[in-house]
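>
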């Protein structure tokens, strides 16, 4: 009977060790999950900031490339003007 009791004690000790290892694995997995979620949140925040910046750059690009702005810069900066009808020369092939 004492051999059986010793065997049961060893099995119980082994089961306790397995339960302890399992608990540590759950705690570690939970920790890793929290870290990954924090990374995901930071990346989503960065994505939103980049989308806002992209929208601003698109707006800026459309403002810099507008025909009205180009015409104004040509008139003021380069002293250009639209030709008069008598200044237009038709070229034929």
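In this note's numbering, the protein residues as written are 2 to 94. Glycine included, every Cβ here is placed at the ideal spot set by N, Cα and C.
How many angstroms separate the CA atom of residue 28 from the CA atom of residue 19?
14 Å
> Rounded to the nearest angstrom, what separates residue 55 and residue 63 at their Cα positions?
12 Å
> Cα separation between residue 84 and residue 42?
59 Å
> Go ahead and pull the three-state DSSP assignment for residue 57.
helix
> Under the three-state reduction of DSSP, which class applies to residue 90: helix, strand or coil?
coil
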